[in-house]
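Per full-length UniProt numbering, residue 1 is the first one in the sequence shown, and the count goes up by one each step. Even glycine gets a Cβ: it sits at the ideal position worked out from N, Cα and C. Working notes, structure below.
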Amino acid sequence: MTIVRRFHQQNNIVNSAAAVDTTFLLPDDFYRAKNMSFSEMEPKASVIMPLNDPEMHYTYYEGDMMIQESDEKKISLYTAKRWPYGRIPYVMENKFTDDERAAIARGMMILQERTCIRFVPKKPNDHDYVLIKRGPGCAAHVGKIGGQQWVILGQGCYGIETVTHELMHSVGFIHEQSRPDRDEHVEIVWNNIKPTAKRNFRKHESDYLADNGFPYDLMSVMHYRQYAFSKNRKPTILPKRPVPYLRCRGLDCPSELDISKINFLYKCHKKDDFEDNYIDDAIDDNEIDIDENTFESNNHNHRQINPHFNQFGHHHRNHFRNYNNQLPQEMQPIADTSPPYAQRNRLRHLLLDSPRSSIAHFNSPNIPYVSMFHSFIPTTLI
């Protein structure tokens, strides 16, 4: 696949015909990701460094956040930065090892399992998308900037925390220690910070950054670690209350508050946002109603139906099998689902001999659109 770089510089579009060999994550990547050992999830020694690419019209902000020059002064005005319906199209360079691909898949899975964010393979008509690419250090554009934007992962960037951290920048989040109230919770030890990295510890003004009532989160995957950018192996951040360590680790990443913020900002808690996703035309008046957790018909005894998806997770046909009578079930989308939640996704179904079938909520990380009946997020946090 060949893509063309496209970035906005103020009101102009900068195009480059540089061809990039790209691919998507495959089922094997998600299988490996699901079976990663805890040691493979442990943080690696990530390298966050500014890049100097004259072709790209952005600056590095707080070490790993790529901000367009025209946006640097309004970094905290986040509401325009969200991805519509939580759908984030992506492609990735065809340069990653199997283990690196699994780490990227795991980062996506973590976010998709507990939020309504979906990283989906880029379609030809997706003009705004993320390119995951190799590079020196770890970095990402913050929120949706329009056109092609980057997640950069280099040597030392494949710990699950780091991958999730950079993906959350893409979702639209900035660093937790940049909050206006951070001095109430941590002390920044300026004398221990590398001189070139002190700008990474700036905090935002309260006029620009809204915390939406969420408390400061010392365990956020978006929080710097205690020794970040240290020049002398001494702490650069000291918590003002006892905590086992700054920032979540391994299986605890992202934190509960990270997940809550995503679900709040993209309105993932609002069932009403999905009322246009429904199944109709039930046979024999066995109408299926969708709530947040189940498909359920309105008649007689329950029969569990377990969903079976094709390996890529976005087939047009989704097959369900009723294990009580072993009769196959089919659900057939007949309307355009792009964007998937803006239009009605009307699904034809064949209930066969199953008068009261219920389909358990299924939220597979490698399934972009199907069985995701949560909701979304407008963001005031990039």
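*asked:* Can you list, in chain order, the residues of its chain with a C-beta nearer than 7 Å to that of M219? Leave out the 5 residues immediately preceding and following it.
replied: In the sequence shown, the residue the question calls residue 219 occupies position 219. Around M219: R247, C248, S255.
*Which residues in the same chain have their Cβ closer than 7 Å to the Cβ of A102, if we skip the five residues on either side of it in sequence?*
Indexing the sequence shown from 1 puts residue 102 at position 102. Scanning its chain for C-beta atoms nearer than 7 Å, with the 5 sequence neighbours on each side dropped, one finds around A102 the residues D29, R32, A33, M36, in chain order.
*Say whether the stretch 128-140 touches the stretch 150-160, bearing in mind that this needs 3 or more beta-carbon pairs closer than 8 Å, one atom from each stretch.*
Enough Cβ pairs lie closer than 8 Å, so yes.
_Using beta carbons (cut-off 9 Å, strictly below), is C253 in contact with chain C?_
The structure shown contains no chain C; it is built from a single protein chain.
*asked:* Going by DSSP, what residue range makes up the alpha helix (DSSP H) through M108?
replied: Walking along the sequence shown from the start, residue 108 turns up at place 108. M108 -> alpha helix (DSSP H) spans 98-114.
_With 16 other Cβ atoms within 10 Å as the buried cut-off, status of D258_ = Taking the sequence shown and counting its residues from 1, one reaches residue 258 at position 258. Counting of Cβ neighbours within 10 angstroms places D258 among the buried residues, the total reaching 16 or more.
*How many whole angstroms separate the CB atoms of I160 and C253, which I take to be in contact at a CB cut-off of 8 Å?*
Within the sequence shown, numbered from 1, the residue matching residue 160 stands at position 160. Within the sequence shown, numbered from 1, the residue matching residue 253 stands at position 253. I160 to C253, Cβ: 6 Å. Contact.
_Considering only their Cβ atoms, is the gap separating G107 from E176 smaller than 9 Å?_
As a position in the sequence shown, residue 176 is number 176, starting the count at 1. As a position in the sequence shown, residue 107 is number 107, starting the count at 1. Going by C-beta atoms, E176 is not nearer than 9 Å to G107.
*Which word fits V171, buried or exposed, when buried means at least 16 other C-beta atoms lie within 10 angstroms of its C-beta?*
As a first step, residue 171 must be located in the sequence shown, where it is residue number 171. Buried, by the Cβ-count rule.
*Exposed or buried, which one is N263 when buried takes at least 16 other CB atoms within 10 Å?*
The residue given as residue 263 occupies position 263 in the sequence shown. The residue in question, N263, is buried, as its Cβ has 16 or more Cβ neighbours within 10 Å.
*Below 8 Å, can you find three or more Cβ-Cβ pairs linking the stretch 137-144 to the stretch 225-241?*
Verdict: no, contact absent.
_When R202, R82, N125 are compared against R182, the one with the closest alpha-carbon_ = As a working mapping, residue 182 is identified with position 182 in the sequence shown. Among R202, R82, N125, the Cα nearest to that of R182 is on R202.
*Name the one or two DSSP bridge partners that P89 has.*
As a first step, residue 89 must be located in the sequence shown, where it is residue number 89. Paired residues: V120.
*Would you mind giving the Cβ-Cβ distance between M92 and F24, rounded to the nearest angstrom? I have them listed as a contact below 8 Å.*
The residue labelled residue 92 in the question sits at position 92 within the sequence shown. The residue labelled residue 24 in the question sits at position 24 within the sequence shown. Contact flag correct, Cβ pair sits at about 7 Å.
*asked:* Can you tell me whether I145 is helix, strand or coil according to DSSP?
replied: On the sequence shown, residue 145 is found 145 positions in, with the first residue counted as 1. For I145, the three-state secondary structure derived from DSSP is coil.
*L218 by DSSP, collapsed to three states: which one?*
Position 218 of the sequence shown holds residue 218. It is coil, neither helix nor strand.
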